[in-house]
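The structure appears right after this line, and notes come after that.
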Amino acid sequence: MSDSEEETHEKQLKLVFLGDQGVGKTSIIKRFCYEDYTRQYTQTIGADFYIKRLNLPGKNDVTLKISDVSGGVVLNGPMLKNYLYKANMVILVYDITSNNSFENIKIWIRSVAEAVENTVTCAVFGNKSDLEHRRAISLLTSKKFILDNQLYGFLVSAKTGESVNSSVTELIAKHFGISLSRVDKEKQNHILKAELIVPIIEKYTENTRFCIICNYLGQIIPALHSRCTRFRFGPLSPALIRPRLQHVIDQEGVKISEDGKEALETLANGDMRKVLNVLQSTWLAYKDVTEDTVYTCVGHPLKSDIENIVKWLLNDSFKKSYKNIKELKTIKGLALSDILTEVHKYVHRIEFPFQVLTKLLVDLAAIESNLAAGSNENIQLTAFIAAFQPAREISPPE
Ligand SMILES: Nc1nc2c(ncn2[C@@H]2O[C@H](COP(=O)(O)OP(=O)(O)OP(=O)(O)O)[C@@H](O)[C@H]2O)c(=O)[nH]1
Ligand SMILES: [Mg+2]
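Going by UniProt numbering, the residue at position 245 of the sequence shown is 245; the numbering climbs one at a time, nothing skipped.
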């Protein structure tokens with residue numbers, strides 16, 4: 001191969017992020033790809049996919065295909081195998097303030113070993129290093145675990161951005177046998193501050209118009225706001241999503257039912273990327289896209305699941321409701337937050353006395369807020385069942 005061919009040679013790498021729910025996988029990826037961070041927890045449904053190009057020393061351009069797999073993925077199911085298909089590297093993430101998430105890394109490692117056919121490089125990221133005062137896993141314990149299992153280990157914070165870029169870049173460089181100098185490593189942790197953009201805009205204002213594409217407008221400093229005209233792009237309406245979805249279905253020859261299309265639109269909430277991601281995942285797993293397979297694929301409760309849950313909540317004893325819901329959650333890999341969202345919609349269709357309904361809605365809102373803050377799912381499940389007790393006592397419906 002000539003030098004010039006070597007220079008233009010593109011490297012590719014598939015990188016998969018795994019770990020318990022809420023440990024910060026999506027946050028790390030967004031920090032790495034977009035220098036973006038939000039405190040709001042939005043659970044990943046199924047998996048999201050990202051592409052990032054990385055320029056490594058020696059004119060080595062790497063295209064990273066990053067899969068962000070939901071912590072709720074069923075460990076022994078076909079989906080994990082699909083997401084890990086042809087993966088080169090797996091980053092297992094735990095939250096340094098959660099002992100459970102660290103303990104579960106062992107289970108994730110076992111599941112990866114069972115799911116992959118090729119060899120993959122595994123690394124472990126201890127996330128939320130900014131919460132050092134709440135650390136639950138000692139440095140010694142994590143170091144020993146990394147050494148015993150011959151893994152790469154890093155401590156990062158998606159919130160502050162500490163070590164996120166440098167750790168991922170170091171891993172990729174190691175994978176391709178490229179060595180990074182100290183200057184290369186420092187470059188990775190560079191964060192472009194809004195304060196730095198203002199002087200640049202002012203310097204070239206005579207002959208240049210700048211266009212800033214961003215999320216979270218509220219985080220842009222006022223000095224930049226005042227120099228900009230704002231255009232907002234909200235979620236797409238179903239009328240815009242449907243023709244594009246149909247186009248993809250026709251081109252790819254996907255077998256899909258009408259309720260399958262509706263399920264995709266409902267789950268995506270106006271995000272076309274989600275529509276296509278979920279379509280692709282469902283088709284890969286089931287080859288037949290229907291409402292049931294879409295919801296099963298992303299671990300979202302089916303309508304019949306919600307009907308059963310409400311029936312248990314309103315008719316069965318506390319103990320039986322808990323047992324049934326817990327079993328359903330485990331078997332189908334459902335998240336309580338998804339169950340709560342769907343039950344909340346369902347509750348509006350039941351005729352409760354006004355005071356009972358308002359109390360129930362306030363209680364459900366409190367549980368939702370607790371879950372978003374990352375509280376214990378089991379405790380919230382008991383609170384969820386308890387919230388329905390007054391409703392049962394006053395008007396036990398059919
Ligand atoms: N303090 C702190 N909070 C973080 C950090 N990274 C993520 N979080 C918060 O943790 C919560 C969960 O983060 P996500 O990135 O959505 O978690 P995830 O692992 O993708 O969760 P699933 O999609 O459910 O599997 C969010 O509220 C984040 O703001 C961090 O480095 N420090
Ligand atoms: Mg996520």
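All C-beta atoms, glycine included, are put in the ideal place defined by N, C-alpha and C. Only a predicted model underlies this, so the values are computations on that prediction, with no experimental measurement involved.
Give a single yes or no on whether residue i has its beta carbon closer than 7 angstroms to a heavy atom of ligand 2.
{"i": "lysine 25", "result": "yes"}
{"i": "residue 399", "result": "No answer is possible for residue 399: it lies beyond the span of the chain, which begins at 1 and ends at 398."}
{"i": "aspartate 68", "result": "yes"}
Would you tell me roughly how many angstroms separate the C-alpha atoms of residue i and residue j, rounded to the nearest one?
{"i": "threonine 160", "j": "valine 73", "result": "27 angstroms"}
{"i": "isoleucine 277", "j": "phenylalanine 17", "result": "A small fix is needed here, since residue 277 is asparagine in this sequence, not isoleucine. So the two alpha carbons sit approximately 16 angstroms from each other."}
{"i": "tyrosine 286", "j": "threonine 293", "result": "7 angstroms"}
{"i": "serine 338", "j": "lysine 320", "result": "Looking at the sequence provided, one finds aspartate at residue 338 rather than serine. Cα-Cα distance, rounded: 21 angstroms."}
{"i": "leucine 131", "j": "glutamine 150", "result": "26 angstroms"}
{"i": "residue 409", "j": "serine 281", "result": "The displayed coordinates of the chain run from 1 to 398. Any statement about residue 409 would go beyond what the structure contains."}
{"i": "histidine 344", "j": "glutamate 291", "result": "20 angstroms"}
{"i": "glutamine 246", "j": "aspartate 48", "result": "21 angstroms"}
{"i": "asparagine 165", "j": "lysine 106", "result": "25 angstroms"}
{"i": "phenylalanine 233", "j": "isoleucine 212", "result": "13 angstroms"}
{"i": "glutamate 377", "j": "leucine 336", "result": "7 angstroms"}
{"i": "arginine 53", "j": "isoleucine 325", "result": "43 angstroms"}
{"i": "leucine 21", "j": "leucine 279", "result": "According to the sequence as given, residue 21 is glutamine; it is not leucine. Distance between the alpha carbons of glutamine 21 and leucine 279 is about 22 angstroms."}
{"i": "glutamate 114", "j": "isoleucine 29", "result": "25 angstroms"}
{"i": "isoleucine 379", "j": "aspartate 363", "result": "14 angstroms"}
{"i": "aspartate 68", "j": "tryptophan 108", "result": "14 angstroms"}
{"i": "threonine 205", "j": "aspartate 36", "result": "26 angstroms"}
{"i": "proline 199", "j": "threonine 38", "result": "26 angstroms"}
{"i": "glutamine 12", "j": "phenylalanine 318", "result": "53 angstroms"}
{"i": "histidine 133", "j": "lysine 25", "result": "21 angstroms"}
{"i": "threonine 382", "j": "phenylalanine 388", "result": "10 angstroms"}
{"i": "lysine 323", "j": "serine 138", "result": "35 angstroms"}
{"i": "threonine 330", "j": "asparagine 269", "result": "26 angstroms"}
{"i": "valine 112", "j": "leucine 80", "result": "8 angstroms"}
{"i": "glycine 153", "j": "valine 298", "result": "30 angstroms"}
{"i": "isoleucine 385", "j": "leucine 313", "result": "6 angstroms"}
{"i": "leucine 140", "j": "serine 167", "result": "19 angstroms"}
{"i": "lysine 143", "j": "glutamate 170", "result": "18 angstroms"}
{"i": "lysine 203", "j": "proline 235", "result": "35 angstroms"}
{"i": "proline 353", "j": "leucine 371", "result": "27 angstroms"}
{"i": "valine 310", "j": "asparagine 88", "result": "44 angstroms"}
{"i": "alanine 263", "j": "glycine 19", "result": "27 angstroms"}
{"i": "glutamate 117", "j": "glycine 77", "result": "15 angstroms"}
Could you tell me if the beta carbon of residue i falls within a distance shorter than 7 angstroms of some heavy atom in ligand 3?
{"i": "serine 179", "result": "You won't find ligand 3 in this model; what it holds is ligand 1 and ligand 2."}
Is residue i buried or exposed, if buried means 16 or more other CB atoms sit within 10 Å of its CB?
{"i": "proline 222", "result": "exposed"}
{"i": "isoleucine 66", "result": "buried"}
{"i": "aspartate 95", "result": "buried"}
{"i": "proline 301", "result": "buried"}
{"i": "asparagine 207", "result": "exposed"}
{"i": "arginine 31", "result": "buried"}
{"i": "glycine 177", "result": "exposed"}
{"i": "lysine 59", "result": "exposed"}
{"i": "serine 70", "result": "buried"}
{"i": "serine 157", "result": "buried"}
{"i": "lysine 255", "result": "exposed"}
{"i": "threonine 229", "result": "exposed"}
{"i": "alanine 391", "result": "buried"}
{"i": "threonine 296", "result": "buried"}
{"i": "cysteine 214", "result": "exposed"}
{"i": "phenylalanine 210", "result": "exposed"}
{"i": "alanine 366", "result": "exposed"}
{"i": "alanine 239", "result": "exposed"}
{"i": "asparagine 127", "result": "buried"}
{"i": "serine 304", "result": "exposed"}
{"i": "leucine 192", "result": "At leucine 192, the pLDDT of 48 sits below 50, so the modelled position is not reliable and the matter cannot be decided from this model."}
{"i": "serine 179", "result": "exposed"}
{"i": "glycine 253", "result": "exposed"}
{"i": "phenylalanine 125", "result": "buried"}
Is residue i close to ligand 1? I mean its beta-carbon at under 7 angstroms from any heavy atom of the ligand.
{"i": "alanine 158", "result": "yes"}
{"i": "glycine 46", "result": "no"}
{"i": "glutamine 40", "result": "yes"}
{"i": "glycine 333", "result": "no"}
{"i": "glutamine 21", "result": "yes"}
{"i": "leucine 131", "result": "yes"}
{"i": "asparagine 378", "result": "no"}
{"i": "glycine 71", "result": "yes"}
{"i": "asparagine 165", "result": "no"}
{"i": "threonine 128", "result": "For the record, residue 128 in the displayed sequence is lysine; it is not threonine. Checking the Cβ of lysine 128 against ligand 1 gives yes."}
TODO: Just list the alpha helix (DSSP H) runs in the region 88-114, keeping only unbroken ones of 4 residues or longer that don't cross its boundaries, in chain order.
DONE: Segments of the alpha helix (DSSP H) lying fully in the region 88-114: there are none.
Task: Complete runs of the alpha helix (DSSP H) confined to the region 319-394 [at least 4 residues] - done: DSSP runs (the alpha helix (DSSP H)) wholly in the region 319-394: 336-347, 354-372, 377-387, 389-394.
Open item on the list: Quick check for students: name the residue ranges of the alpha helix (DSSP H) that lie wholly in the region 59-85, counting only runs of 4 or more.
Closed with: Within the region 59-85, the complete alpha helix (DSSP H) runs of at least 4 residues are 78-83.
Open item on the list: What ranges does the alpha helix (DSSP H) occupy inside the region 196-261, keeping only unbroken runs of at least 4 residues that lie completely in it?
Closed with: Along the length of the region 196-261, whole alpha helix (DSSP H) runs at least 4 residues long occupy 222-225, 238-252, reported in chain order.
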